[in-house]
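Student: Each residue of the sequence shown is one higher than the last, beginning at 11 in my numbering.
The structure's right below; bear with me while I get my questions together.
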Amino acid sequence: MGMTLAEKILARASGQKEVFPGQYVTAEIDLCMAHEGLAAVFRNLARAGWSRVWDPSRIVSLLDHYVPAPTERSAEVHKMVRTAVKQWKIQHFYGERAGICHQVLPEKGHVLPGMLIVGTDSHTTTYGAFGAAGTGIGFTDMAYVFATGRLWFKVPETIRFLLKGKLPERVMSKDILLFIAGKYSAEAAQYKSVEFVGPLAGDMTLASRMTMSNMAVEIGAKFGFFVPDQKVFDFLKGRAQKPFSPVAPDPDARYEAIHEIDVSSLEPQIAFPFSVDNVRPVSEAKDIKIHQALIGSCTNGRLEDLHTAAWILRGEKVHPEVRLLVIPASWEIYRQAMKDGTLDTLIEAGAVIGNSSCGPCFGAHMGLLGSDENCIAAINRNFKGRMGSQKAQVFLASPATVAASALEGKITDPRNYL
Numbered sequence: 011m012g013m014t015l016a017e018k019i020l021a022r023a024s025g026q027k028e029v030f031p032g033q034y035v036t037a038e039i040d041l042c043m044a045h046e047g048l049a050a051v052f053r054n055l056a057r058a059g060w061s062r063v064w065d066p067s068r069i070v071s072l073l074d075h076y077v078p079a080p081t082e083r084s085a086e087v088h089k090m091v092r093t094a095v096k097q098w099k100i101q102h103f104y105g106e107r108a109g110i111c112h113q114v115l116p117e118k119g120h121v122l123p124g125m126l127i128v129g130t131d132s133h134t135t136t137y138g139a140f141g142a143a144g145t146g147i148g149f150t151d152m153a154y155v156f157a158t159g160r161l162w163f164k165v166p167e168t169i170r171f172l173l174k175g176k177l178p179e180r181v182m183s184k185d186i187l188l189f190i191a192g193k194y195s196a197e198a199a200q201y202k203s204v205e206f207v208g209p210l211a212g213d214m215t216l217a218s219r220m221t222m223s224n225m226a227v228e229i230g231a232k233f234g235f236f237v238p239d240q241k242v243f244d245f246l247k248g249r250a251q252k253p254f255s256p257v258a259p260d261p262d263a264r265y266e267a268i269h270e271i272d273v274s275s276l277e278p279q280i281a282f283p284f285s286v287d288n289v290r291p292v293s294e295a296k297d298i299k300i301h302q303a304l305i306g307s308c309t310n311g312r313l314e315d316l317h318t319a320a321w322i323l324r325g326e327k328v329h330p331e332v333r334l335l336v337i338p339a340s341w342e343i344y345r346q347a348m349k350d351g352t353l354d355t356l357i358e359a360g361a362v363i364g365n366s367s368c369g370p371c372f373g374a375h376m377g378l379l380g381s382d383e384n385c386i387a388a389i390n391r392n393f394k395g396r397m398g399s400q401k402a403q404v405f406l407a408s409p410a411t412v413a414a415s416a417l418e419g420k421i422t423d424p425r426n427y428l
């Protein structure tokens, strides 16, 4: 019997010829990512009397959640991270100068096909867009990895989503993922691996794939894969930190389920408060007043997302009662958007451009919500209190839908702006 992507990578990492769903393995970790969570890992290891890490070259760290530090407490966390980096001689530390982790690591060539990667962030599944097995773990587990280079895994079952058809104008990959969450639930892939395949998957840009892999965890997935192809290899030319060996699922691999999704008639989707799977088509969500609109985060802060928003906003003005925030996912994207005029277009329309940070997405700073305010956001979660007040409401949507809604002052179908 053949193996899925997850099974192949876990077999290789655990030194076995093959593994099976439900089997427990101890795997060698190829790469670790730690943002501000590095401070907690440092404390855990210090309490255990551990003063070194297994391989400083396999750890990548940066600061992205509280940047620049908005409170004294976050400033102290940043100090501890820098102390840990120096003490452990971590070779890849980008500080506040690179952007959001899940955009930066691929840009810097750390994420490679076939890798097993763990991160102190639940959206580490993003790396599946490059054919890597990425998953988030807690600080205690990460401390163990830092000390030993290993971690146990239960080999997951795999669900395959076969994507067919052509996306209609102004419908984006974010809409596909929201549709999947709404149809199959936020627990549909609980501790399972997901593979996005089919003609549409191959046609997607890397940015679109990253959005879906990023949000695979929102349906419970342990990993969220696309099969690595020439688009991935071209992206990595001149970036890859070392040679890599891509893997693909075997033709006779076994899947727990295979779901076919034809996107040809898919509408833009909206996830209503307070769950990612509380999804309705935009036609059932029109005319809900909004006070804030957000485009950014590790989910939708890439250049094509900003281009989409700029196309809709060009020559227009944001509704006078709406605050539009745009946060590029990395400084590389920020500079590209500045160079090609995208930021000028957004600023002229009335957008506020923020530095590359997770800030408002998880309710830390840079645009929180007050009571009874509504925000439409191209981010990944809309739990109660996620962006500030417990009495605020967050509606999830694509960058196209967010931009159109910012113009109208209410949730709006972006297909009105073709």
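Every residue gets a Cβ at the ideal spot worked out from N, C-alpha and C, and that includes glycine.
My guess is that Ala81 and His112 are in contact by the Cβ rule of under 8 Å, so how many angstroms apart are they, rounded?
Tutor: Just to set this straight, residue 81 is Thr in the shown sequence, not Ala. About 24 Å separates the two Cβ atoms, so there is no contact after all.
Student: From the DSSP output, which residues share a beta bridge with Phe384?
Tutor: Note that residue 384 is Asn in the sequence shown here, rather than Phe. Partner(s): Gln403.
Student: Please return the same chain residues whose Cβ sits closer than 7 Å to the Cβ of Val155, not counting the five positions on each side in sequence.
Tutor: Ile39, Cys42, Val128 and Leu161
Student: Can you list, in chain order, the residues of its chain with a C-beta nearer than 6 Å to that of Ala374? Leave out the 5 residues immediately preceding and following it.
Tutor: Tyr76
Student: Hey, is Pro338 close to the ligand GTP, as in C-beta under 7 Å from one of its heavy atoms?
Tutor: With respect to small molecules bound, the structure shown includes none, and the ligand GTP cannot be examined in it.
Student: Could you give the DSSP three-state label for Leu187: helix, strand or coil?
Tutor: helix
Student: What are the boundary residues of the beta strand (DSSP E) that Leu173 is part of?
Tutor: Thr168 to Lys174
Student: Buried or exposed, going by whether 16 or more other CB atoms sit within 10 Å of the CB of Ala319?
Tutor: buried
Student: What number of angstroms, rounded off, separates the C-alpha of Arg264 from the C-alpha of Ser195?
Tutor: 22 Å
Student: For the candidate residues His133, Val63 and Lys89, whose alpha-carbon lies nearest to that of Cys368?
Tutor: Nearest to Cys368 by alpha-carbon distance, out of His133, Val63 and Lys89, is His133.
Student: Can you find the residues in the same chain that come closer than 7 Å, C-beta to C-beta, to Trp60, ignoring five residues on each side of it along the sequence?
Tutor: Ala157
Student: From Leu187, Lys193 and Phe243, pick the residue whose C-alpha is nearest to that of Ser223; which is it?
Tutor: Closest option to Ser223, Cα to Cα, is Leu187.
Student: Keeping to the same chain, check which residues put their C-beta closer than 7 Å to that of Met90; ignore five residues upstream and five downstream.
Tutor: Ala49 and Phe52
Student: Determine, using beta-carbon pairs with one atom in the stretch 96-111 and one in the stretch 62-78, whether at least three such pairs fall under 8 Å.
Tutor: yes
Student: Taking the C-alpha atoms as reference points, what is the distance between Gly419 and Asp315?
Tutor: 20 Å
Student: Does the distance from the C-beta atom of Gly144 to that of Phe233 stay below 8 Å?
Tutor: yes
Student: If distances are taken between C-alpha atoms only, which option among Gly192, Leu313 and Val362 comes closest to Lys349?
Tutor: Leu313
Student: Comparing alpha-carbon positions, which option in Gly119, Glu46 and Glu117 lies nearest Arg83?
Tutor: Glu46
Student: Relative to the alpha-carbon of Ile169, which residue among Ala16, Lys299, Ala407 and Ile421 has its alpha-carbon at the smallest distance?
Tutor: Ala16
Student: Where do the N-terminal and C-terminal ends of the alpha helix (DSSP H) with Lys18 fall, by residue?
Tutor: Counting along the chain, the alpha helix (DSSP H) containing Lys18 begins and ends at Leu15 to Ala23.
Student: Taking only three categories from DSSP, how would you classify Phe393?
Tutor: In the structure shown, Phe393 sits in coil (DSSP, three-state: anything other than H, G, I, E or B).
Student: Would the stretch 406-422 and the stretch 326-334 be scored as touching if the rule is three or more Cβ pairs under 8 Å?
Tutor: yes
Student: Can you tell me which of the three DSSP states Arg160 falls into?
Tutor: In the three-state reduction of the DSSP assignment, Arg160 falls in the strand class.
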